[in-house]
Amino acid sequence: MIRLQLFVVVLMGMLVADAALAQGDYRRGLEKSQVCQSCHGRTGAESLMDSYPILAGQHEDYLIHALKSYRDGGRNNAVMQGFANDLSDQDIADLAAWYARQERLQDLKID
Amino acid sequence: MRLLWIFTLLLLSLPTASSAQGDPDRGKEIAYTCTGCHGIAFYKNVYPTYTVPKLGGQNYQYIVDSLKAYRSGERRHPTMQAQANTLSDQDMADIAAWFVQLTEEES
Chain A
1 MIRLQLFVVV LMGMLVADAA LAQGDYRRGL EKSQVCQSCH GRTGAESLMD
51 SYPILAGQHE DYLIHALKSY RDGGRNNAVM QGFANDLSDQ DIADLAAWYA
101 RQERLQDLKI D
Chain B
1001 MRLLWIFTLL LLSLPTASSA QGDPDRGKEI AYTCTGCHGI AFYKNVYPTY
1051 TVPKLGGQNY QYIVDSLKAY RSGERRHPTM QAQANTLSDQ DMADIAAWFV
1101 QLTEEES
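Residue numbers (our numbering), protein chains in the order written: chain A, 1 to 111; chain B, 1001 to 1107.
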């Protein structure tokens, strides 16, 4: 019985740890986004050029995927590669958390 | 002098003609396939696993550039490359024009 309780406690601990690792801090994301803001705007909804994507409201895990792809070379864009090269996994998670919490982008709707 | 004026007017009319966006109504019809993934909230790719990005209200030129990059193979994603391969430049312009409209109507 004690072994079972121990097992449950350890399992819960693992779940909490996993959630904490995956979580980005959106406030830190805002702080780190100074460079991003010059092209994407403060909330990621005001692009300097039409060829720069809107980030506001985009899915957090997609933003993480995109930034890591730029950093690791899966996605080619000289400007974005330059910026993403300097980012840690935690930086990327924080930035994604900030932009995902803003409002703008929507899923497609066919009526 | 008159010729110069005509030339200048022609030159001025060029950028507007080339920056004309696609037809959103036609785009809406072609983009029916897109909604199979991009129209389902929190729908996920199988691999690599992440939520399919939201496209409603995205910038026109970014959409066109992305579709062209998938078609040329510069940007990789099996499903998106297969889709983009079936699209002409005009299709891409029309699809992007519809995506842009999606928030303009609502905001």
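For glycine and all other residues, C-beta sits at the position ideal for the given N, C-alpha and C.
Each residue's CA atom was taken as its position, placing Gln1021/B and Ala1096/B some 8 Å apart. Annotation for Gln1058/B: Phe1099 place their beta carbon closer than 6 Å to its own, counting only its chain and skipping 5 residues before and after. Taking a beta-carbon distance threshold of 7 Å, Asp1025/B does not count as an interface residue toward chain A. If one requires a minimum length of 4 residues, the alpha helix (DSSP H) runs lying completely within the segment 13-78 of chain A are 26-32, 34-40 and 60-72, in chain order. It is roughly 11 Å from the alpha-carbon of Ala1082/B to the alpha-carbon of Leu1067/B. In the DSSP assignment, Ala93/A falls within the unbroken alpha helix (DSSP H) covering Asp89 to Ala100. For the set Arg28/A, Ser69/A, Arg42/A and Leu48/A, the Cα lying nearest the Cα of His1077/B is the one of Ser69/A. Close to Gly73/A, with beta-carbon spacing below 7 Å, lies no residue of chain B; the smallest spacing is near 11 Å. At least one CB atom of chain B sits nearer than 7 Å to the CB of Gln106/A. Taking 7 Å as the cut-off, the beta carbon of Tyr1050/B is found closer than this to the beta carbon of His65/A.
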